[in-house]
Amino acid sequence: MNNTNSSIPSMLPPAYQPAPLPFLVCWSVMGLASTVLNVVVCCIVFCNARMLTITNAFVVSLSVSDLLAAAVLVPIYIAEEYTLTKVPISGYVIAVLLLASIFNLCAVTYERFVALTKPFGYRVIMNKRKVSIIIFASWFIPVLISLLPLAWHADPSSPYHKAYMIITLILFVLLPCVAMIWVYARLLKIIRNFIQRNRRRTSSGNKTGERAGTEEKAARVFAIILAMFLLCWLPLIYINACTAFQLEHLITQTLLYVSFFTLLLNTIMDPLIFAFLKRDFKESIFKSDRRPAGMMTSMVSRRSEQEELSPTCMNGE
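By numbering that gives the first Met the number 0, the letter at position 290 of the sequence shown is numbered 289, and the numbering carries on one by one without gaps.
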């Protein structure tokens with residue numbers, strides 16, 4: 000697939016030859032699975048008033064980006080591989096969806112960082128206005144970045160385009176990756192220290208100490224999130240780095256296929272890690288007390304994430 004007229008030509012790796020039919024079928028199945036999972040996540044939140052929390056607002060935004068990636072990106076990529084034709088706007092759509100996924104993942108990470116490091120000021124920091132701005136920016140900035148090459152007609156030979164590719168790779172792909180690694184490493188340290196401080200209290204039946212077991216499970220979730228992010232994004236980051244610095248000879252056909260598989264895997268794992276491993280989602284799945292409500296109105300008035308990852312004594316290290 001040739002993305003020469005794309006806003007970010009290398010954000011989705013071009014294949015050197017048409018993909019085998021079994022790969023196309025597998026991508027279709029994975030795209031369908033991702034679509035179903037992310038639709039379920041959104042329905043669970045919107046159909047249950049108790050689920051309308053600040054954290055779940057970010058989870059829904061992330062699920063929407065994954066949903067669009069599965070429902071839009073996958074059909075475009077498969078169609079272009081199968082027909083060997085280029086959809087004029089496909090590059091822009093791909094760039095928006097991929098960057099939106101990264102920005103939404105960063106938004107979820109930031110919300111969890113605030114919840115764990117500043118529990119007493121969480122509701123002040125993560126108020127309705129700021130949450131709305133963060134979610135809006137998570138979509139507006141990717142659109143703006145993706146359409147920027149229109150200023151020079153998205154000419155890949157332009158020096159502006161080459162500089163744009165490198166800057167985009169560093170500022171909006173590599174730096175968010177490094178930042179999230181640092182954030183998750185610090186959160187794991189905070190949770191580990193919390194567990195160690197309260198392990199003795201757990202044995203004596205202290206209510207605060209009883210949270211140690213829950214936070215230990217949360218620590219494992221954070222480890223999975225970090226591992227899956229690195230697994231799913233490193234192949235694509237490597238490919239884009241090679242393309243940006245004109246080292247295409249280091250990109251193999253196998254790596255191209257693997258990068259798309261891991262990209263789809265990310266859209267499948269996000270709803271499982273961020274949603275179905277959360278206690279409130281599990282309780283909502285097995286209970287039937289669901290009732291519609293307005294999302295942004297309800298979530299600010301409710302306690303933020305009472306059920307997990309918001310202990311009032313985890314701000315110390």
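Glycine is no exception: its CB is placed at the ideal position from the N, C-alpha and C atoms.
Report the option in Ala114, Asp154, Ile124 whose CA atom is closest to the CA atom of Tyr183. For the purposes of this step, residue 183 is identified with residue 184 of the sequence shown, where counting begins at 1. Nearest of Ala114, Asp154, Ile124 to Tyr183, Cα basis: Ala114.
Give a yes or no on whether the C-beta atoms belonging to Val130 and Ile53 are separated by under 7 Å. Taking the first residue of the sequence shown as position 1, residue 130 is located at position 131. Taking the first residue of the sequence shown as position 1, residue 53 is located at position 54. Contact flag set, yes.
Cβ-Cβ distance between Cys241 and Pro175 below 7 Å: Mapped onto the sequence shown, residue 241 falls at position 242. Mapped onto the sequence shown, residue 175 falls at position 176. Going by C-beta atoms, Cys241 is not nearer than 7 Å to Pro175.
Apply the 10 Å Cβ neighbour rule to His152 and answer buried if 16 or more other Cβ atoms are within range, or exposed otherwise. By one-based count along the sequence shown, residue 152 stands at place 153. His152 is exposed by the Cβ-count criterion.
Distance between beta carbons of Ile75 and Val92, contact taken as under 8 Å: As a working mapping, residue 92 is identified with position 93 in the sequence shown. As a working mapping, residue 75 is identified with position 76 in the sequence shown. Correct: roughly 7 Å between the Cβ atoms.
Between which two residues does the alpha helix (DSSP H) holding Gly120 run? For the purposes of this step, residue 120 is taken as residue 121 along the sequence shown, with counting starting at 1. Counting along the chain, Gly120 falls outside any alpha helix (DSSP H), and DSSP gives it neither H nor E.
For Asp269, count the other beta carbons within 10 Å of its own beta carbon; 16 or more makes it buried, fewer makes it exposed. Which is it? Position 270 of the sequence shown, counting from 1, holds the residue named residue 269. Result: buried.
Given this structure, state the Cα-to-Cα distance separating Pro158 from Pro148, to the nearest angstrom. Here the question's residue 158 lines up with position 159 in the sequence shown. Here the question's residue 148 lines up with position 149 in the sequence shown. So the two alpha carbons sit approximately 11 Å from each other.
When you compare the CB positions of Thr34 and Ala56, do they come within less than 7 Å of one another, or not? Taking the sequence shown and counting its residues from 1, one reaches residue 34 at position 35. Taking the sequence shown and counting its residues from 1, one reaches residue 56 at position 57. Contact flag unset, no.
Whole-angstrom Cβ separation of Val58 and Val107, contact assumed at under 8 Å? On the sequence shown, residue 58 is found 59 positions in, with the first residue counted as 1. On the sequence shown, residue 107 is found 108 positions in, with the first residue counted as 1. About 7 Å; that satisfies the 8 Å criterion.
Less than 7 Å between the C-beta atoms of Trp138 and Ala99, yes or no? As a first step, residue 138 must be located in the sequence shown, where it is residue number 139. As a first step, residue 99 must be located in the sequence shown, where it is residue number 100. Their beta carbons are under 7 Å apart, which means Trp138 touches Ala99 by this criterion.
Quick check on this structure: which residue in Ala32, Asn47, Leu20 has the alpha carbon closest to the alpha carbon of Asp282? Residue numbering aside, residue 282 sits at position 283 when the sequence shown is read from its first letter. Checking the sequence, you will find Glu at residue 282 rather than Asp. Measuring from the Cα of Glu282, the nearest candidate turns out to be Asn47.
Can you give me the Cβ contacts of Leu61 inside the same chain, cut-off strictly under 8 Å, excluding the 5 residues immediately before and after it? The residue you call residue 61 lines up with position 62 of the sequence shown. Answer for Leu61: Ser100, Asn103, Leu104, Ala106, Val107, Asp269, Phe273, listed in chain order.
Return the first residue and the last residue of the alpha helix (DSSP H) that Arg128 is part of. On the sequence shown, position 129 is the one that residue 128 refers to. From DSSP, the alpha helix (DSSP H) with Arg128 extends over 127 to 146.
Give me the Cα-Cα distance between Pro21 and Tyr256, rounded to the nearest whole angstrom. Walking along the sequence shown from the start, residue 21 turns up at place 22. Walking along the sequence shown from the start, residue 256 turns up at place 257. Rounded to the nearest angstrom, the two C-alpha atoms are 12 Å apart.
Straight-line Cα distance separating Thr266 from Leu97: Along the sequence shown, read from residue 1 onward, the residue named residue 97 stands at position 98. Along the sequence shown, read from residue 1 onward, the residue named residue 266 stands at position 267. Taking the straight line joining both Cα atoms gives about 10 Å.
How many whole angstroms separate the CB atoms of Pro17 and Leu83, which I take to be in contact at a CB cut-off of 8 Å? Against the sequence shown, residue 17 aligns to sequence position 18. Against the sequence shown, residue 83 aligns to sequence position 84. About 6 Å; that satisfies the 8 Å criterion.
For Leu249, which residues of its own chain have a beta-carbon under 8 Å away from its beta-carbon, when the five flanking residues on both sides are left out? Residue numbering aside, residue 249 sits at position 250 when the sequence shown is read from its first letter. Cys241, listed in sequence order.
So which of His160, Phe135, Leu229 has the shortest CA-CA distance to Gln245? In the sequence shown, the residue the question calls residue 245 occupies position 246. Here the closest residue by C-alpha is His160.
Whether Ala243 touches Leu168 by CB criterion (7 Å): What you label residue 243 is simply residue 244 of the sequence shown in a count that begins at 1. What you label residue 168 is simply residue 169 of the sequence shown in a count that begins at 1. Their beta carbons are under 7 Å apart, which means Ala243 touches Leu168 by this criterion.
So for Gln245, helix, strand or coil by DSSP? Position 246 of the sequence shown, counted from the start, is the residue given in the question as residue 245. Here Gln245 sits in coil by DSSP.
Nearest to Phe193 by alpha carbon, out of Asn126, Pro155, Thr116? As a first step, residue 193 is located in the sequence shown; it is residue number 194 there, counting from the start. Ranking Asn126, Pro155, Thr116 by Cα distance to Phe193 puts Thr116 first.
Exposed or buried, what is Val40 when buried is set at 16 or more other beta-carbons lying within 10 Å of its beta-carbon? Taking the sequence shown and counting its residues from 1, the one referred to as residue 40 is at position 41. Buried: at least 16 other Cβ atoms inside 10 Å.
Exposed or buried, Glu110, counting other C-beta atoms within 10 Å across all chains shown (16 or more means buried)? Locating residue 110 in the sequence shown gives position 111, counting from the first residue. Glu110 comes out buried.
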